[in-house]
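Step one of this worksheet: look at the structure below.
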Amino acid sequence: MKKVLAVLMLLSWVMLMPSPAMAEVDVKVRINIPLPPPIVFPAVPEVVVIPETYVYAVPDVREEIFFYNGWWWRPWEGRWYRSRNYDRGWAYYERTPGFYKRVPPGWRNDYHSRRWKGHEWDQRRIPYRDMETNWRGWQRGKHWERENYWGVRGQQPRKQGPMRGQPQQYRDDRQGPPAKAQEAGPQSKQVKKKQERRDRDLDDDRGRGRGRGRGPQKDDRDRDRDDDRGRDRDGRR
1 MKKVLAVLML
11 LSWVMLMPSP
21 AMAEVDVKVR
31 INIPLPPPIV
41 FPAVPEVVVI
51 PETYVYAVPD
61 VREEIFFYNG
71 WWWRPWEGRW
81 YRSRNYDRGW
91 AYYERTPGFY
101 KRVPPGWRND
111 YHSRRWKGHE
121 WDQRRIPYRD
131 METNWRGWQR
141 GKHWERENYW
151 GVRGQQPRKQ
161 GPMRGQPQQY
171 RDDRQGPPAK
181 AQEAGPQSKQ
191 VKKKQERRDR
201 DLDDDRGRGR
211 GRGRGPQKDD
221 RDRDRDDDRG
231 RDRDGRR
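Here it is in C-alpha cells:
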C-alpha cells in the first residue's frame, strides 16, 4: 500500500511540474541513452554500393555500418546512430532512417556469393575518399545506373517516364497520305491500246463518210438542193 501511494505521489508531482523542469528531465533521459562502442577499422574502409540504392555499405567489418546522403549510419541494440565520421562522433537518432527500408536483410550473403537477384554481381570496391568526394554528384547524375547498371550483369534497368524537358512520344493515329495508284499491268495496257485503236478507226470512218465512198451527208444534200433552186430562178429571169 505504501508503494502505491508513493507512485501516485510521484505521478502527481510530475504532472504538476512546470515545463522547464520537464524539459530538463527529458534532456537527462536523452543524455542517459548509451552510445555504441567504437568500431575498430584496420585501415580506412572501402565501401560497395548496394544495387538499386545509393546506400554504401562497409563489407569488411562485422557491424552494420552504412553511408547515405552525407551521413554514416549504424544500428546498435535496437537504436540508430549517425555521425559525419565513420569512426567517431556517434549521436542517437530517434527513428529508423528511411533508406534502410531499401536495404535487403541478406545483402551480405549476396555480396559474398557475388549474386544479385539471380544475376552475376560484378562488385566494385570504392575507396572511402572517392566516395566522400563524389557521392553527391554520383547520386544526382545517376552514375551507378549508367555504370553497367550497378555492376549487375543481365539485369535490365527499370523503365522510367520521359525526362523533364523532353517531349513525350505519343502514338500517331492519324492516317497517312493516300496510297499511290498501282501502275497498270500489261493486260490493262493492251485493253487501253485496243480502245484507242478502235476510236481512231471510228474517226476515220466518219471522215470517209463525209468525203467519199458513202455519198454526201444530209446537210450536203440540202445545200445542193438550195443551189439548184437558185439557178432555176436566175434562168427564168
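With the numbering used here, the residue at position 175 of the sequence shown is 175, and numbering never jumps. Heads up, the beta-carbon is just placed ideally off N, CA and C, and yes, glycines get one too. Predicted, not measured: the structure shown is a model, and the values here were computed from it.
For residue i, name the three-state secondary structure that DSSP assigns.
i: W107; result: helix
i: Y56; result: strand
i: E145; result: helix
i: P42; result: coil
i: R115; result: strand
i: W121; result: strand
i: Y86; result: coil
In terms of residues, what are the limits of the alpha helix (DSSP H) holding residue i?
i: W135; result: Y128 to R140
Considering residue i, what are the terminal residues of the beta strand (DSSP E) in which it resides?
i: W80; result: R79 to S83
i: W73; result: W71 to W76
i: F99; result: Here F99 belongs to no beta strand (DSSP E), and DSSP marks it neither H nor E.
Assign residue i to buried or exposed, taking buried as 16 or more other Cβ atoms, counted over all protein chains shown, within 10 Å of its Cβ.
i: V44; result: exposed
i: R197; result: exposed
i: I33; result: exposed
i: G151; result: buried
i: P51; result: buried
Ignore the nearest five residues each way along the sequence and tell me which others in residue i's own chain have a CB closer than 7 Å to its CB.
i: E77; result: none
i: P75; result: E64
i: T96; result: W80
i: V58; result: P45, V47 and I65
i: P178; result: Confidence is the limiting factor: at P178 the pLDDT is only 45, short of 50, which leaves the residue's position unreliable, though a coordinate-based value still follows. Same-chain partners within the cutoff: there are none.
Suppose the cutoff is 8 Å on Cβ atoms and the five residues either side in sequence are ignored; what does the same chain contact list for residue i look like?
i: R200; result: none
Near residue i, what residues of its chain come up, given a Cβ to Cβ distance below 6 Å and the 5 sequence neighbours on each side ignored?
i: F99; result: V55 and Y68
CB of residue i to nearest heavy atom of the ligand NAD: below 7 Å?
i: W135; result: The model depicted lacks the ligand NAD and carries no ligand whatsoever.
Check whether the segment 104 to 119 and the segment 76 to 92 touch, using three or more Cβ-Cβ pairs below 8 Å as the test.
no
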